[in-house]
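Colleague: Offset between the sequence shown (1-based) and our numbering: plus 328. Note that CB positions come from ideal geometry on N, CA and C, so glycine has one too.
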Amino acid sequence: MTPKQITDEISVSPQIDPEDLADIKALGFKSVICNRPDGESPDQPSYEEIAAAAAAAGLEIRNLPIVSGGMTQHDVDAFAAAMEDLPKPVFAYCRSGTRCATAWAFSQAKTRPANEILEQTAAAGYDLRSLFGQ
């Protein structure tokens, strides 16, 4: 588990395991967003397992599953609302971190320049230029 920082308020990561939550807390994160639907892969832990470990570690958590390749405006709005409500910094995860980075990028698109969003996601290892028509 290696979080990739996009801003001071959010880092993203590939899939985590329940035992990672104590380390996530120790790294200074205050909240977790799960963007991975249960059952996407037979070896992934369930949201319930992650949520129990998050609670035990003293982290707030939100389940905002986004189907791979099927992100909707509702998903983006829910992500934006979670980022508004949750204590920062936030640790978001999915299978690879790409859905989290994409949801964050789209949630910022109305208020920040596209080049700034793309620079921040690229610095974290996520090239989202094609999503912004570049």
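#1: Please classify E388: does DSSP put it in a helix, a strand, or coil?
#2: Between which two residues does the alpha helix (DSSP H) containing A406 stretch?
#3: Can we say the stretch 415-427 touches the stretch 333-342, given the rule of at least three CB pairs closer than 8 Å?
#4: Out of curiosity, what's the CA-to-CA distance linking A420 and D405?
#5: By a C-beta neighbour count over all protein chains shown, 10 Å radius and 16 as the cutoff for buried, is P331 buried or exposed?
#6: Measure the beta-carbon distance from R390 to L414 and round it to whole angstroms, keeping in mind my assumption that it falls under 8 Å.
#7: Buried or exposed for Q401, going by 16 or more other Cβ atoms inside 10 Å?
#8: If you follow the alpha helix (DSSP H) that S435 is in, where does it begin and where does it stop?
#9: Mark R440 as exposed unless 16 or more other C-beta atoms lie within 10 angstroms of its C-beta, in which case mark it buried.
#10: Would you list the one or two residues that DSSP bridges to V340?
#11: Please report the Cβ distance between L349 and L387, rounded to the nearest whole angstrom; I am assuming they are in contact, meaning their Cβ atoms lie under 8 Å.
#12: Assign S359 to one of three DSSP states: helix, strand, or coil.
#13: Using only CA atoms, which one of A382, V395, E444, Q372 lies nearest to V418?
#14: Find out if the Cβ-Cβ distance for the pair D345, P373 is shorter than 9 Å.
Modeller: According to the structure shown:
#1: It is a strand residue.
#2: Going by DSSP, A406 is part of the alpha helix (DSSP H) stretching over 401-413.
#3: Verdict: yes, contact present.
#4: Note on geometry: alpha-carbon atoms of A420 and D405 lie some 15 Å from one another.
#5: P331 is buried by the Cβ-count criterion.
#6: Indeed, because the Cβ distance is near 7 Å, the residues count as touching under 8 Å.
#7: When all chains shown are included, Q401 counts as exposed.
#8: 426-436 is the extent of the alpha helix (DSSP H) around S435.
#9: That one is exposed.
#10: Its beta-bridge partners are K332, A420.
#11: Contact between L349 and L387 holds, with the beta-carbon distance rounding to 6 Å and staying under 8 Å.
#12: S359 falls in the strand class under three-state DSSP.
#13: Here the closest residue by C-alpha is A382.
#14: A contact, by the Cβ cut-off of 9 Å.
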